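Under the numbering used here, the letters of the sequence shown match residues 65 to 424, in that order. All C-beta atoms in this analysis are idealised placements derived from N, C-alpha and C, irrespective of residue type, glycine included. Please read all numbers here as calculations on a predicted model, not as lab measurements.
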Amino acid sequence: MSIPSIRPARRRLFAASAAALALLVAAAGCSRADRDAAPAASSDKGPATELRLGYFPNVTHAAALVGVGKGLFTKELGSTKLVPTKFNAGPEAVGALLGGSLDASFIGSGPAINAYAKSNGEAVRLIAGTTSGGAQLVVRSTITKPEDLVGKTVVTPQLGNTQDVSLKKWLAEKNLTGKVKVTNLENAQTLDAFKKGDIDAAWLPEPWSSRLVLDAGAKVLLDEASLWPDGKFPTTVLIVRTQFLQEHPETVKALLTGLVASIDFANTDKAAAKTVVNDQLKEATGKALKPAVIDRAFEHIEITADPIASTFPQLAKDQVTAGIAKTAPAVAGFADLGPLNDVLSKAGKPAVDAAGLDSK
């Protein structure tokens, strides 16, 4: 409505109203700034209705399999419904996370970094580790040194997954890039292809490297642990959508409490853990592992909540060496280990180190 004129008696009221409006606008701006500065504090919506959790049917996801199989996640989540979702490799899980159809996922370190980089450091946060080790380059018995791979076909689970990056980085360091054919197959298909003689080698996570060794006659050319200080590197970590973390911090802490309980169970009673893992693998794939296979697979992994954050800058650089990225993805600010360390402290366990990844 237009106001053609303002009588003198109303001028003071108009001026006061204008001043009040200006104060409201300023206050609104301050409120928005406050929310931007501390989104977690202002956006907590309480426990989530459900938690959509991704994981893979691999021994390197033993903590996840134990947590699901023993009901340890469900126990801690309380009224929040657990919706477990299985994936074959990391890039699939990344797509689900960035697309909003997944809330958290156990995932390889490479795809975890990619999820963070693709979203310009916004969409996901690293909140825990689960597994160190458990990846090997297995080959035909006639292959005894890296140079023997020239002209041969080597398989990884998926383009850009953790093992794919590791293989391509290693090939580059051995000056074998372009001299070896690298292809991608699902793990079960890799086993069949190796048995048929269609491929010559594969860089795989457990239990698939053990299956090729024990079921198909492959031998180990390289254990990835030999490439890292003290043999420690993050094969599987846990990441969560940043929005979910901000809106449901107690649900995330409940998930982490279940994870710590799962890790304790797996490390305290390995025999029982192997049984639970094997039962979950049978449910997921239709076939249980032979005792010798799961025994060998467990020998090559360390189940730990430590994400070994100090390795992530190097893992990011490895993507460039591997030809997966043109520049190393930034990883500063990727980690939020505060909730995990709260859970560990409550359980009387030492904190894990973010190694500077918790700040930009």
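Practice item. Would you please verify whether the beta carbon of V284 is less than 8 Å from any beta carbon of chain D? Key: Reference to chain D is not applicable here, since this structure consists of a single protein chain.
Check your understanding: Are the CB atoms of R305 and V357 nearer to each other than 8 Å?
Key -> If you number the sequence shown from 1, residue 305 lands on position 241. If you number the sequence shown from 1, residue 357 lands on position 293. No, Cβ-Cβ distance for R305 and V357 is not below 8 Å.
Point to revise | For D287, the residue or residues it bridges with in DSSP | key: For this step, residue 287 is matched to residue 223 along the sequence shown. For D287, which the question treats as bridged, DSSP gives the partners Q200.
Check your understanding: Can you round the beta-carbon distance between I327 and T368 to whole angstroms, since I take them to be within the 8 Å contact cut?
Key -> The residue labelled residue 327 in the question sits at position 263 within the sequence shown. The residue labelled residue 368 in the question sits at position 304 within the sequence shown. That belief holds up - the Cβ atoms of I327 and T368 are roughly 7 Å apart, short of 8 Å.
Review point. So, are the CB atoms of S273 and V202 less than 8 Å apart?
Key: Your numbering for residue 273 matches position 209 in the sequence shown. Your numbering for residue 202 matches position 138 in the sequence shown. Result yes, Cβ atoms of S273 and V202 sit closer than 8 Å.
**Study point:** Option in T385, L401, D406 and L302 with minimal Cα separation from L161
**Key:** Within the sequence shown, numbered from 1, the residue matching residue 161 stands at position 97. If we check each option's Cα against that of L161, L302 comes out closest.
Review point. What residues match up with Y119 in a beta bridge as DSSP calls it?
Key: Here the question's residue 119 lines up with position 55 in the sequence shown. Under DSSP, the beta-bridge partners assigned to Y119 are K150.
Exercise for review: Output yes or no for whether 8 Å exceeds the beta carbon distance between S107 and Q310.
Suggested key: Here the question's residue 107 lines up with position 43 in the sequence shown. Here the question's residue 310 lines up with position 246 in the sequence shown. Yes, these two residues count as a Cβ contact at 8 Å.
Check your understanding: Buried or exposed: where does P221 fall if 16 or more other Cβ atoms within 10 Å of its Cβ makes it buried?
Key -> Position 157 of the sequence shown, counted from the start, is the residue given in the question as residue 221. Its Cβ being crowded by 16 or more others within 10 Å, P221 is buried.
Practice item. Can you grab the Cα-Cα spacing for the pair L87 / T391, in whole Å? Key: Counting from one through the sequence shown, the residue named residue 87 turns up at place 23. Counting from one through the sequence shown, the residue named residue 391 turns up at place 327. Confidence at L87 is low in this model, with a pLDDT of 37, below 50, so its placement is unreliable and no value can be given for it.
Practice item. Report yes if the CB atom of L190 is closer than 8 Å to the CB atom of L146, and no otherwise. Key: As a first step, residue 190 must be located in the sequence shown, where it is residue number 126. As a first step, residue 146 must be located in the sequence shown, where it is residue number 82. Contact: no.
Exercise for review: Have a look at P371 and V324 and give me their C-alpha separation to the nearest angstrom.
Suggested key: Position 307 of the sequence shown, counting from 1, holds the residue named residue 371. Position 260 of the sequence shown, counting from 1, holds the residue named residue 324. Looking at the two C-alpha atoms, the distance is approximately 13 Å.
Practice item. State yes or no: is the C-beta of K238 within less than 8 Å of the C-beta of P210? Key: Residue mapping note: residue 238 aligns to position 174 of the sequence shown, counting from 1. Residue mapping note: residue 210 aligns to position 146 of the sequence shown, counting from 1. Going by C-beta atoms, K238 is nearer than 8 Å to P210.
Check your understanding: Rounded to a whole number of angstroms, what is the C-alpha to C-alpha distance between A265 and P313?
Key -> Your numbering for residue 265 matches position 201 in the sequence shown. Your numbering for residue 313 matches position 249 in the sequence shown. Their Cα atoms are separated by approximately 43 Å.
**Study point:** For A335, the nearest candidate out of A361, K351 and L319 (CA to CA)
**Key:** Here residue 335 is taken as the residue at index 271 of the sequence shown, counted from 1. Taking only the C-alpha atoms, the option nearest A335 is A361.
Review point. Tell me which same chain residues have a C-beta within less than 6 Å of the C-beta of L319, skipping the five on either side of it?
Key: Walking along the sequence shown from the start, residue 319 turns up at place 255. Taken in chain order, the list of residues that qualify is empty.
Check your understanding: My guess is that A236 and A386 are in contact by the Cβ rule of under 8 Å, so how many angstroms apart are they, rounded?
Key -> Residue numbering aside, residue 236 sits at position 172 when the sequence shown is read from its first letter. Residue numbering aside, residue 386 sits at position 322 when the sequence shown is read from its first letter. 7 Å between Cβ atoms; contact.
Point to revise | Distance cut-off 7 Å: G118 Cβ against heavy atoms of the ligand ATP | key: Absent from the structure shown: the ligand ATP. Ligands present: none.
Review point. Can you tell which of V316, V229 and I177 has the C-alpha that lies nearest to the C-alpha of N405?
Key: Translated into positions along the sequence shown, residue 405 becomes position 341. Of V316, V229 and I177, the residue nearest in Cα terms is V316.
**Study point:** Euclidean distance between Cα positions of G133 and P377
**Key:** Your numbering for residue 133 matches position 69 in the sequence shown. Your numbering for residue 377 matches position 313 in the sequence shown. Their backbone Cα atoms lie some 34 Å apart in a straight line.
Practice item. Check whether the Cβ atoms of Q383 and V229 lie closer than 8 Å to each other. Key: Taking the first residue of the sequence shown as position 1, residue 383 is located at position 319. Taking the first residue of the sequence shown as position 1, residue 229 is located at position 165. Contact: yes.
Exercise for review: Could you check the C-alpha separation between D287 and L136 for me, to the nearest Å?
Suggested key: Position 223 of the sequence shown, counted from the first residue, corresponds to residue 287. Position 72 of the sequence shown, counted from the first residue, corresponds to residue 136. The alpha-carbon atoms of D287 and L136 are separated by roughly 32 Å.
**Study point:** Cβ neighbour criterion (16 or more within 10 Å) applied to N225
**Key:** For the purposes of this step, residue 225 is taken as the residue at position 161 of the sequence shown. With 16 or more other Cβ atoms within 10 Å, it is buried.
Review point. To which residues of the same chain is A432 closer than 7 Å at the C-beta, ignoring the five residues directly before and after it?
Key: Because the chain spans 65 through 424 in this model, residue 432 falls outside it and cannot be assessed.
Review point. Of all the options E270, L213 and P271, which has the alpha carbon lying nearest to the alpha carbon of I263?
Key: Looking up residue 263 in the sequence shown gives position 199. Out of E270, L213 and P271, L213 has the C-alpha closest to the C-alpha of I263.
Review point. What separation, rounded to the nearest whole angstrom, lies between the Cα atoms of K413 and E250?
Key: As a working mapping, residue 413 is identified with position 349 in the sequence shown. As a working mapping, residue 250 is identified with position 186 in the sequence shown. When rounded, the distance between both Cα atoms is 37 Å.
Point to revise | Three-way DSSP call (helix, strand, coil) for A419 in this model | key: Your numbering for residue 419 matches position 355 in the sequence shown. In the structure shown, A419 sits in coil (DSSP, three-state: anything other than H, G, I, E or B).
Review point. For P271 versus S173, is the C-beta spacing smaller than 8 Å?
Key: Counting from 1 along the sequence shown, the entry for residue 271 is found at position 207. Counting from 1 along the sequence shown, the entry for residue 173 is found at position 109. Result no, Cβ atoms of P271 and S173 do not sit closer than 8 Å.
Check your understanding: Between the C-alpha atoms of A179 and K354, what's the straight-line distance to the nearest angstrom?
Key -> Here residue 179 corresponds to residue number 115 of the sequence shown, with the count starting at 1. Here residue 354 corresponds to residue number 290 of the sequence shown, with the count starting at 1. Rounded to whole angstroms, A179 to K354 spans 35 Å at the Cα level.
Check your understanding: With DSSP run on the structure shown, which of helix, strand or coil describes E250?
Key -> Along the sequence shown, one-based indexing puts residue 250 at 186. Three-state result, E250: coil.
Check your understanding: What separation, rounded to the nearest whole angstrom, lies between the Cα atoms of K245 and I207?
Key -> As a working note, residue 245 is residue 181 in the sequence shown. As a working note, residue 207 is residue 143 in the sequence shown. If I take the Cα positions, the gap works out to 15 Å.
Practice item. Can you tell me which of A192, D359 and G197 puts its alpha carbon nearest to the alpha carbon of G295? Key: Start at 1 with the first residue of the sequence shown, and residue 295 comes out as number 231. The shortest Cα separation from G295 among A192, D359 and G197 belongs to G197.
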